[in-house]
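Worksheet: one structure, shown below.
Protein chains: 2
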Amino acid sequence: MGERILIIEDEQKIARVLELELQFEGYETGVAHSGTDGLILYREQQWDLILLDVMLPGMNGLDVLKRIRATEYDTPVLLLTAKDAVSDKVAGLDLGANDYITKPFEMEELLARIRVTLRFRKKETLEEADPYLFTVGQLTVHTQMREVSWRGEQVELTKREFELLAYFAAHPKQVLTREQILDAVWGYDYYGDTNVVDVYVRYLRQKLDTELIQTVRGVGYVLKEG
Amino acid sequence: MGERILIIEDEQKIARVLELELQFEGYETGVAHSGTDGLILYREQQWDLILLDVMLPGMNGLDVLKRIRATEYDTPVLLLTAKDAVSDKVAGLDLGANDYITKPFEMEELLARIRVTLRFRKKETLEEADPYLFTVGQLTVHTQMREVSWRGEQVELTKREFELLAYFAAHPKQVLTREQILDAVWGYDYYGDTNVVDVYVRYLRQKLDTELIQTVRGVGYVLKEG
DNA sequence: GTGCATTCTCACCATGTTCTAAGAAATAGC
DNA sequence: GCTATTTCTTAGAACATGGTGAGAATGCAC
């Protein structure tokens, strides 16, 4: 399912070419031929990227950008500027545009910039997520608030139980040996039997779900998303 | 006129590249090659953002951050950390860093994070929230007027009680250990048992509400909004 | 110095948590 | 199907933790 790109460009011919090329690449597109129409479409629907021509009749592209940035959403905006309009580029970047490309442009270059912007955006939103929060399927572990929820329900855990689960959540889909778990959760200086791990895994299974932490016979346990 | 960015980075080459790139983007820059120099520059001039390398010879980047945060100014700090230094990241965020980026990084990504941080900052200061006022649910703590109200009612607290509550209010929904609390409220040079914290939590619970500050067994306490 | 408010220490108790150990159940190899 | 190995389950003993009240120490105002 393609990402959605909004094209705000007054020259019908260019707009049409952009639309066709982008659709050919698998994106969904929307077109507006003026700044005001662009803003309306921007507000009405959800977009992953906006291609914005700076030279628009009536409301200028930079004005459009300003209004877009005034809203909460920070959808990436790629500016289309005239070759030598340096001031436009600078102003555009200052207003929060993510990148610009000068007209006339090679389609290939535009596509590359779009790909980079979208890819980058994805990474950014992923990494900017709360670093204390781990999510595996229906399971949510917040290591700072020390809260755990399973299928939307909050679950109360003891200290050990929490630390064990947090370790699993930080290493989802990885088979963890009892030794690894003991080292990480109980500490490298822990003596005693590895059976504690079994017992605590059981506690977690009781409080959460039997399926969540699976046994890998002869090796250890894995947290799999339910 | 560009925003001012202070770069604290010991590797000359990296520092130089950062400086050039940032200047190209229109920022004003300052460079320090050690933690101590960085702190001096930080105090001498006004900065909009600080790029801080965690791995510094002599005074560690986290120490620098700690001292920066010990002052009133809350200039945004962006940490440069090694790829797998998870503990540094967490420690950094705990100390009040606004974001981090792992080395080696793409210039584009760094620039984007700088833009985001500065933009966010601007928005935040525009909103001009009273920096002395903390509100958590029905609780209101004004650290300058030293006033506390709970469910609209004014509450009288002693000095210690107030400082403890203010610390909780400044870190809502975060589980705080007794050690953290002792360091912050009683001072790092406090001797004596951590049981004082328990006692004062009890005082607060008596004067406010039993539910407000919750015990997290084996860990510490959390302030949750009632 | 006296009186009062505040801060802190201490020790007990109830309760919650962690861990051990041993038999039951499940699984894999032959 | 039998045996050996591994995992699950259970109960309870040992331990740790936080709540609590009383009072000692401290600071402060008059």
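So the sequence lines, in the order shown, correspond to chains V and D.
According to my numbering, the first sequence is numbered sequentially starting from 1.
According to my numbering, the second sequence is numbered sequentially starting from 1001.
Heads up, the beta-carbon is just placed ideally off N, CA and C, and yes, glycines get one too.
Could you tell me which chain V residues have their CB closer than 8 angstroms to the CB of residue i, listed as they occur along the chain?
| i | result |
| --- | --- |
| V1175/D | Q144, M145 and R146 |
Kindly list the residues whose CB is nearer than 8 angstroms to the CB of residue i, restricted to its own chain and excluding five residues on each side of it in sequence; keep chain order.
| i | result |
| --- | --- |
| R1205/D | L1212 and I1213 |
| D48/V | E3, R4, I5, T75, P76, L118 and R121 |
| Y132/V | H142, T143, Q144 and M145 |
| A1082/D | V1054, M1055, D1088, T1102 and K1103 |
| V155/V | V148, S149, K207 and L208 |
| L1126/D | Here the model assigns L1126/D a pLDDT of 48, short of 50, so the residue's position is not dependable and the matter cannot be decided. |
Residues of chain D with CB under 9 angstroms from residue i, in chain order?
| i | result |
| --- | --- |
| T158/V | R1217 and G1218 |
What does a CB cutoff of less than 7 angstroms around residue i pick up in its chain, not counting 5 residues either side in sequence?
| i | result |
| --- | --- |
| Q1023/D | T1029 |
| A1170/D | F1134 |
| D183/V | none |
| L157/V | V148, L165 and K207 |
| E1021/D | M1107 |
| T215/V | Y221 |
| E19/V | I7, T29 and V31 |
| V201/V | I213 and Y221 |
Enumerate in chain order the residues of its own chain whose CB-to-CB distance from residue i is below 6 angstroms, with the five nearest sequence positions on each side excluded.
| i | result |
| --- | --- |
| R151/V | Q138 |
| E1009/D | A1015 and D1053 |
| P1172/D | V1136 and L1223 |
| W186/V | none |
| G26/V | G2 |
State yes or no: is the beta carbon of residue i nearer than 8 angstroms to at least one beta carbon in chain V?
| i | result |
| --- | --- |
| L1126/D | Reliability fails at L1126/D, whose pLDDT of 48 lies under 50, so the model's placement of it is uncertain and no value is given. |
| T1075/D | no |
| L1020/D | no |
Could you check whether the segment 1059 to 1071 of chain D touches the segment 1030 to 1039 of chain D, counting it as contact only if at least three pairs of C-beta atoms, one from each stretch, sit closer than 8 angstroms?
yes
Using 8 angstroms as the Cβ pair cut-off and three pairs as the minimum, do the segment 163 to 175 of chain V and the segment 128 to 143 of chain V touch?
yes
Pairing CB atoms from the segment 1174 to 1184 of chain D with CB atoms from the segment 1192 to 1206 of chain D, are three or more of them under 8 angstroms?
yes
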